Structures are given as structure tokens and as C-alpha cells.
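Numbering-wise (our numbering), the sequence shown opens with residue 119 and increments by one. Shown next, in C-alpha cells, is the structure this report addresses.
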Amino acid sequence: MIFHTSAWFALGAAALASIGCDSGAATQGAMGSVDVPAAVGRAMELYDSDSDGVLSAAELEKAPSLNYVASAGSGSLTRDQLTETLAALFGATSTGPEGYSCVIVSRGRPLSSAQVTFKPAEFLAGSLPEAKGTTDASGRADMSVASEQLPEASRGYPVVYPGLYQIVVEHSSLKKAHKPMGCQVGGFIRAAAVPTFDVGR
């Protein structure tokens with residue numbers, strides 16, 4: 119189960135404006151730069167099995183990061199909605215690497231000393247590096263990209279590139295793989311509190 123607060127209305131005029139200005143690349147350099155139309159096309163190729171231009175709830179089960187985004191709305195995701203989301207993340211309004219923390223719990227209880235990895239969505243592979251973190255006693259992990267994969271000004275800080283990620287949690291108490299989970303870092307979706315991800319549900 120994922121607890122977060124977000125809304126589609128926040129992806130309004132500013133996101134659409136960024137498509138017109140620069141839908142092809144982010145502003146922070148080679149790492150973190152994404153060709154938005156190509157990424158959207160790749161995502162639809164991977165997940166839109168009936169080629170209707172809409173990623174249904176069933177199709178999104180194979181795409182945890184997109185499922186996270188869709189859960190803020192109707193539970194499905196259109197090509198235009200995906201384009202707006204990626205434009206907000208990687209277009210002219212992109213802010214570059216930013217701090218991102220999350221809380222990992224198992225059936226509601228904080229999971230300490232867990233290794234957390236944010237893996238870029240498959241259709242963004244090669245454009246974004248992984249981010250890693252270790253949970254403390256409260257289950258909180260401050261996620262961070264390796265310094266050598268960051269712009270010089272961001273090195274030494276726990277930051278993550280804007281993007282869509284699959285969350286992988288490893289812990290000695292987890293005897294089997296947890297259900298697929300995803301998240302969005304950056305863009306116009308902002309959580310009111312540190313997001314919590316439950317690996318036990």
C-alpha cells in the first residue's frame with residue numbers, strides 16, 4: 119500500500135507550456151536528460167498491449183512507477199497525461215536533482231536497516247541513475263545518487279534526479295519479493311508529508 123497526496127490538476131498549463139518550450143531534454147545536462155516524445159512512445163510500446171492509447175489498470179500492473187502516477191487520478195493513464203507528466207519532469211521547468219526521503223514499513227511497522235533502491239522506469243533506462251538509501255529506526259531513508267553521477271554543484275548532497283522509479287526494498291525479514299511499488303520524484307506532484315511505502319501489503 120502506498121500513502122501519498124497528489125492531483126492531476128497540478129499538471130495544468132505549466133506542464134503544457136513546458137512541452138511547447140522543450141519537450142525533448144531536461145536542463146541539467148546529459149544525465150537526467152530525456153527525450154519526452156521518445157520516452158512516451160517507448161512506454162506505450164511496452165505497456166499498451168491493446169494499442170488504444172490508454173494504459174489501463176491491468177496494463178499498469180506491469181509498470182509500478184506509472185501505476186503510482188495513475189493512482190492519483192482515474193487509475194488509468196492516457197498518452198497525453200503521460201506526456202504532461204514527463205514534460206513536467208524533464209522539460210524547460212525541470213529543477214534538477216532534489217532531496218527525496220521515504221518511509222518503508224512492513225504491515226504498518228517501520229522497517230529499519232532496509233536497503234532501498236530506486237530503479238528508473240524501464241522506458242527511462244539509460245537516462246537516469248539509480249538512487250539508494252538505508253532506513254533508520256523510524257523506517258526513513260534519505261535517497262541519494264552516487265556523487266560521480268551528479269552535476270558538480272549537487273555533489274555531496276543526498277539528492278535524486280526527477281523521474282519515475284520502481285522501488286526495490288531488501289531486508290533480512292523479507293522472505294519473498296514484495297509487491298511492485300513505484301514513485302515519482304519531482305515535477306508538479308508533491309506529497310504533503312514524507313511518502314510511506316508498505317512492503318507487507
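In this text, a Cβ means the ideal position worked out from N, Cα and C, and glycines have one as well. Values in this document were obtained by computation on a predicted structure and should not be read as measured data.
Exercise for review: Would you mind reading off the limits of the beta strand (DSSP E) that contains V152?
Suggested key: For this step, residue 152 is matched to residue 34 along the sequence shown. That residue, V152, is in no beta strand (DSSP E); it is neither H nor E in DSSP.
Review point. With a CB to CB cut of under 6 Å and the five nearest residues on each side skipped, what residues in its chain are close to V317?
Key: Here residue 317 refers to the residue found at position 199 when the sequence shown is read from its first residue. Answer for V317: S224, V287, H296, listed in chain order.
Point to revise | Close beta carbons around E266, own chain, < 6 Å, minus the five adjacent residues each side | key: Here residue 266 refers to the residue found at position 148 when the sequence shown is read from its first residue. Taken in chain order, the list of residues that qualify is empty.
Check your understanding: Which residue's Cα is closest to the Cα of Q302: C220, A232, D254?
Key -> Looking up residue 302 in the sequence shown gives position 184. Minimum Cα distance to Q302 is reached at C220.
Review point. In this structure, does DSSP put S256 in helix, strand or coil?
Key: Your numbering for residue 256 matches position 138 in the sequence shown. Three-state DSSP puts S256 in coil, outside helix and strand.
Review point. Would P280 pass as a contact of G150 if the rule is Cβ separation under 9 Å?
Key: For the purposes of this step, residue 280 is taken as residue 162 along the sequence shown, with counting starting at 1. For the purposes of this step, residue 150 is taken as residue 32 along the sequence shown, with counting starting at 1. Yes.
Practice item. Out of L282, V158, A188, point me to the one whose CA is closest to L246's CA. Key: As a first step, residue 246 is located in the sequence shown; it is residue number 128 there, counting from the start. Of L282, V158, A188, the residue nearest in Cα terms is L282.
Review point. M162 to L195, Cα distance in whole Å?
Key: The residue given as residue 162 occupies position 44 in the sequence shown. The residue given as residue 195 occupies position 77 in the sequence shown. Going by the C-alpha atoms only, they are around 10 Å apart.
Exercise for review: Spatial neighbours of A232 within its chain, please: CB distance less than 6 Å, with the 5 preceding and 5 following residues excluded, ordered by chain position.
Suggested key: The residue labelled residue 232 in the question sits at position 114 within the sequence shown. Result list for A232: I222, T253, V287, H289, in chain order.
Point to revise | D198, DSSP secondary structure in three states | key: Numbered from its first residue, the sequence shown carries residue 198 at position 80. Looking at D198 - three-state DSSP - the assignment turns out to be helix.
**Study point:** Length at least 3, wholly inside the region 231-281: the beta strand (DSSP E) runs in chain order
**Key:** 233-238, 249-252, 258-261
Exercise for review: Report the three-state DSSP secondary structure of G159 (helix, strand or coil).
Suggested key: The residue labelled residue 159 in the question sits at position 41 within the sequence shown. In this structure, G159 counts as helix in the three-state DSSP scheme.
Review point. In this structure, does DSSP put E216 in helix, strand or coil?
Key: Walking along the sequence shown from the start, residue 216 turns up at place 98. Reduced to three states, the DSSP call for E216 is strand.
Exercise for review: Work out the CA separation of R160 and F208 for me, nearest whole Å.
Suggested key: Taking the sequence shown and counting its residues from 1, one reaches residue 208 at position 90. Taking the sequence shown and counting its residues from 1, one reaches residue 160 at position 42. The straight-line gap from Cα to Cα measures roughly 16 Å.
Exercise for review: Return the Cβ separation of A249 and S262 in integer angstroms, given the expectation that the two are a contact with Cβ distance under 8 Å.
Suggested key: As a working note, residue 249 is residue 131 in the sequence shown. As a working note, residue 262 is residue 144 in the sequence shown. So it is a contact: roughly 6 Å between Cβ atoms.
Check your understanding: Do A239 and Q199 come within 9 Å of each other at the CB atom, strictly closer than that value?
Key -> Stepping through the sequence shown from its first residue, residue 199 is reached at position 81. Stepping through the sequence shown from its first residue, residue 239 is reached at position 121. Not a contact, by the Cβ cut-off of 9 Å.
Practice item. Determine the contact status of T314 and G251, defining contact as a CB-CB distance below 9 Å. Key: On the sequence shown, position 196 is the one that residue 314 refers to. On the sequence shown, position 133 is the one that residue 251 refers to. Not a contact, by the Cβ cut-off of 9 Å.
Review point. Per DSSP, which one or two residues make a beta bridge with G208?
Key: Position 90 of the sequence shown, counting from 1, holds the residue named residue 208. According to the sequence provided, residue 208 is Phe. The question's Gly does not apply to it. For F208, which the question treats as bridged, DSSP gives no partner whatsoever.
Point to revise | N-terminal and C-terminal residue of the beta strand (DSSP E) that V303 is part of | key: Locating residue 303 in the sequence shown gives position 185, where the first residue counts as 1. It spans 299-303 - the beta strand (DSSP E) in which V303 sits, taken as one unbroken run.
Review point. According to DSSP, is P228 helix, strand or coil?
Key: Residue 228 sits at position 110 when you count from the first residue of the sequence shown. Three-state result, P228: strand.
Review point. Are A181 and G305 touching if we call contact CB-CB under 9 Å?
Key: Within the sequence shown, the letter at position 63 stands for residue 181. Within the sequence shown, the letter at position 187 stands for residue 305. It is not a contact, given that the beta carbons lie outside the stated cut-off.
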